[in-house]
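Throughout the sequence shown, residue numbering follows our numbering, covering 248 to 451 in sequence.
For glycine and all other residues, C-beta sits at the position ideal for the given N, C-alpha and C.
Computed from a predicted structure; not experimentally measured.
Here is the structure we will look at, set down as structure tokens.
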Amino acid sequence: MDTLSTGADDPVAVQPAPAPPAPSGAAGRRGRASLRWAGAAAAVAGAVHVGVAPEHFAGWAPAGVFLLGAGVLQLGLAVALWRDRLGRLAPLAVLGTAALVLLYVVSRTVGLPVPGHVELATSHHTPLPVPQGVGNGMPVIPGSPGSSSAEPVGPLDLLCLVAELGLLVVLVGLLPADRRRVLTNLLLAVAGCAVVLRAVAQAS
């Protein structure tokens, strides 16, 4: 404890300023609710991907492997968010989530260069061939039978998309200001390029 002399015989005790409360985890107290919501969104998206993976194995095995892997990673992300253990992996989680959203949008608009899904009785959607031609003009990956097609939107698709968009918003908000600015600009640039490419494809 410090003392301050006032010119009198007895010094006046000066109490030190109280230290600010230490933040709890990387996000601090204010980020606790956001982390829980983000974890719930990641869990929903991961559960949807894991749930639809088996039917995609029937259409094309690599697609099923991809969806299963994406679902497992998202479930792991949910656990990391609930435990506030994301740390420096937050930018990677943002980019991965944004990539999944972009991949979904492309698969439901232009179509992906992969074979169309086999229609199953338990399928969450049915194939929707792109009009004005066979497939969508994109190359089919060698060794994969069938033609590429844009897929219709199903209820599970929308649930997963909404969860991933919510997760993306929360993850970006949890980033430091400098990283948030860089990643936001990057995501906007990618979205702008996608819109331009789509317009060019339609014009041609």
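Of the listed residues the options, nearest to residue i (C-alpha basis)
i	options	result
residue 430	351, 344, 406, 399	344
residue 439	341, 349, 422, 300	349
residue 293	318, 422, 357, 282	318
residue 398	442, 306, 285	306
residue 333	443, 281, 406	281
residue 432	291, 311, 342	342
residue 338	419, 437, 424, 435	419
residue 417	328, 320, 323	328
residue 322	437, 410, 404	410
residue 291	309, 408, 443	408
Exposure label - residue i; buried when at least 16 CB within 10 Å
i	result
residue 346	exposed
residue 435	exposed
residue 285	buried
residue 310	buried
residue 443	exposed
residue 424	exposed
residue 428	exposed
residue 389	Caution applies to residue 389, whose pLDDT of 47 falls short of 50 and renders its modelled position unreliable; the model cannot decide the point.
Delimiting residues of the alpha helix (DSSP H) encompassing residue i
i	result
residue 284	279-306
residue 402	402-421
residue 343	337-356
Under 8 Å between C-beta atoms of residue i and residue j
i	j	result
residue 406	residue 312	no
residue 289	residue 325	yes
residue 400	residue 355	yes
residue 278	residue 421	yes
residue 359	residue 352	no
residue 303	residue 320	no
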